[in-house]
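Protein chains in written order, with the working numbering: chain A, 7 to 244; chain B, 7 to 244. Some notes on the structure that comes next.
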DNA sequence: GCAAAAATTACACGGCGTTCAAATTTGCCA
DNA sequence: TGGCAAATTTGAACGCCGTGTAATTTTTGC
C-alpha cells in the first residue's frame with residue numbers, strides 16, 4: 007500500500023513545514039518583517055518554540071526560505087501576466103509585467119519589503135542564497151522583454167556601446183547567453199535600467215512616500231511605464 | 007556678561023543632544039538602523055540609558071529627529087549640486103541632482119535605508135512628522151527641474167492632461183504654487199516620475215540587488231539619467 | 001511492542017525601552 | 001565667595017522579548 011514515494015511521515019513533515027511558512031507570512035503581513043520570530047510562529051501554531059528547530063535549523067534559514075518563496079511567487083506572477091499577452095505585442099508585455107509588479111507589491115507589501123528592503127533585523131543572507139535564482143529569473147524575463155524590442159530600442163539608446171560581458175555577473179551572463187543567443191551585452195544593461203524604472207515608483211509607493219504626495223499613484227505609474235515603452239521605440243497600449 | 011541669548015547650560019544641552027545623534031549615526035552606519043538603541047548610544051557615550059530621557063522623551067522621538075536630519079542633509083546636498091550648475095543648463099542640473107542622490111546614498115547607505123526603507127523595527131512615524139518638510143522640499147526641487155524643462159518636455163509627454171490639483175497633497179500644492187506661479191498640475195506628476203526614476207536604480211544598488219548582477223552600476227545609472235534628460239526634450243551633458 | 005521521530009519543558013543568556021528615587025553636578029545669585 | 005535650587009545623571013529594577021540548547025516525555029509508524 008506504499009504507492010507513494012514519500013512516506014506518511016514525510017508528508018506530515020512537509021505539511022508542518024509549509025504551515026510554519028504560512029504563519030510566518032501572516033505574521034509578516036500583520037506586523038512587518040521583524041514580527042517574524044520563531045516564538046511568535048510557535049505561539050500562533052500552538053506549538054513550542056523549540057519544536058520549530060526540527061524544521062529549520064535556525065531563524066535565518068527560515069527567512070532565507072521565505073525570501074526565496076516570496077520572490078519566486080512574484081516572478082511567476084509577472085511571467086504569467088507577460089505570457090497572457092501575445093508575443094507580437096512587446097509593449098503590451100512590458101506593461102503587463104510592470105503592472106503585475108505593482109499590483110503584486112500592493113497586495114504583498116510585506117513580501118516586497120522582505121525581498122527588496124531590509125529583510126529582517128539581524129538577518130544576514132547566505133552567500134549566493136536561493137534568492138539569487140529568482141533574481142536571475144526576473145532579470146531573464148526583463149531581458150527577454152528588452153530583446154523583443156531591441157530592433158527599435160537600440161537606435162534610441164546612445165551610449166549602449168560601452169558595455170562588455172565582463173561588466174555583468176558571470177552566472178547571469180551564462181544563463182542569459184543560453185537563453186538568448188546573439189544577445190548584446192548592452193541589452194542587459196538596458197534590462198537593468200528597465201528594472202530600475204519599474205522598481206522606483208513602486209518602492210516609493212510601498213514605503214509610503216508617493217502616497218503622501220499624490221492620490222493617484224496608479225496614474226503616475228501608468229504614465230511612467232508608457233514613457234518607458236515609448237523610450238524603447240514601441241507604441242504603448244491605449 | 008550674558009551677551010548670548012542661550013545660556014551656557016543650553017549650549018551644553020544642545021551639544022549633548024547633538025552628540026547623541028552623532029553616536030546614533032555611527033551605530034547606524036556600523037550595524038544598520040536596528041542597531042540604534044538607547045542603551046547602545048548611552049554605552050557608547052559613557053552614560054546611562056536613563057540619562058537620554060532628559061534629551062529625547064522616547065526612542066521614537068530620537069528616530070524621528072534622526073530621519074529629519076538625514077533627509078535634510080540629502081536634500082541640501084542635492085540643492086547645492088544643482089545650484090553649482092548654471093540655470094541655463096537644465097539638463098546639467100538634473101544630472102547633478104541625480105548624481106548627488108546616488109553618491110550621497112552610497113556614502114550614507116544606512117541613512118538612505120533610514121529615510122527610504124524600513125526605518126527601525128518597532129518604529130511608528132508620527133503623523134505628518136518633520137520628515138514631511140524635507141520630502142516637500144525634495145519634491146519642490148524636482149518640480150523646479152521639471153519646470154525648467156517644461157517647454158520642451160510637455161510635447162514629449164502625452165497623457166499628462168489627466169491631472170488636476172486635487173490629485174496631489176494639499177500642503178504640497180500650496181507650497182509649489184507659491185514657488186512656481188502658473189505651474190500646471192501635470193508638471194507635478196512628471197516630477198514624481200522623475201523622482202521615481204532616480205530612486206529606482208539607487209534603491210536597488212543600495213540594497214544589493216544591482217551589484218549582484220553588474221559591476222558597473224555607475225554606468226548604468228548614468229545612462230538611465232541621460233535617457234531621462236532626453237525624455238524631457240533636453241540634451242544630456244557629454 | 002518497540003525504536004525513531006517529534007514535541008515539551010526548562011533553562012541560560014542577552015537585549016530592549018522605560019521608570020524612579022537618590023545622588024551628583026551645575027549655574028546662578030545673594 | 002558660599003550656598004542653594006534646579007538640572008542632570010546614576011543605578012537599580014521591572015517587564016517583556018528574542019535565539020538557541022539539552023534532557024525528557026509523548027507521539028508515531030511499522
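Glycine is no exception: its CB is placed at the ideal position from the N, C-alpha and C atoms.
Residue pairing by DSSP places residue 174/A opposite 220/B in a beta bridge. Nearest C-alpha to residue 194/A among 68/A, 168/A, 205/A and 31/A: 168/A.
Close CB contacts of residue 77/A within its chain, under the 8 Å cut and outside five residues either way in sequence, are with 121, 137, 140, 141 and 144 (chain order). Scanning chain A for C-beta atoms nearer than 9 Å to the C-beta of residue 207/B yields 198, 199, 201, 202, 203, 205 and 206, reported in chain order. A Cβ-Cβ separation of about 16 Å leaves residue 110/A out of contact with residue 151/A under the 8 Å criterion. For residue 181/B, the three-state secondary structure derived from DSSP is helix. Taken in chain order, the members of the segment 140-163 of chain A whose beta-carbon sits within less than 9 Å of a beta-carbon on chain B are 141, 142, 145, 162 and 163. Take the alpha-carbon of residue 123/A and the one of residue 147/A: they are about 21 Å apart. At a C-beta separation below 9 Å, residue 174/B has these neighbours in chain A: 219, 220, 221 and 222.
Near chain B, meaning a CB-to-CB distance below 7 Å, the residues of the segment 223-238 of chain A are 225, 226, 229, 230, 232, 233 and 237.
Judged by beta-carbon spacing, residue 63/B lies beyond the 7 Å limit of residue 55/B, meaning their Cβ atoms are not closer than that value. Interface annotation, residue 40/B: in contact with chain A, CB-CB separation under 7 Å. If you draw a straight line from the Cα of residue 39/A to the Cα of residue 33/A, it is about 8 Å long. Within chain B, 124 have C-beta atoms less than 7 Å from the C-beta of residue 119/A, given in sequence order. Each residue's CA atom was taken as its position, placing residue 42/A and residue 175/A some 32 Å apart.
Taking the CA atoms as reference points, residue 88/B sits about 9 Å from residue 106/B. Under the three-state reduction of DSSP output, residue 21/A falls in the helix class. Between the segment 156-171 of chain B and the segment 190-206 of chain B, the count of Cβ pairs shorter than 8 Å is three or higher; the stretches touch. The residue among 30/A, 82/A, 156/A and 219/A with its C-alpha nearest the C-alpha of residue 68/A is 30/A.
C-alpha of residue 229/B to C-alpha of residue 200/A: approximately 11 Å in a straight line. Look at residue 215/A here: in three-state DSSP terms it is coil, with no helix or strand label.
Spanning the alpha carbons of residue 83/A and residue 223/A requires a straight line of approximately 21 Å. In this structure residue 70/A is buried. Its beta-carbon is surrounded by 16 or more other beta-carbon atoms within 10 angstroms.
From the listed residues 213/A, 187/A, 241/A and 19/A, the smallest Cα separation to residue 108/A is found for 213/A.
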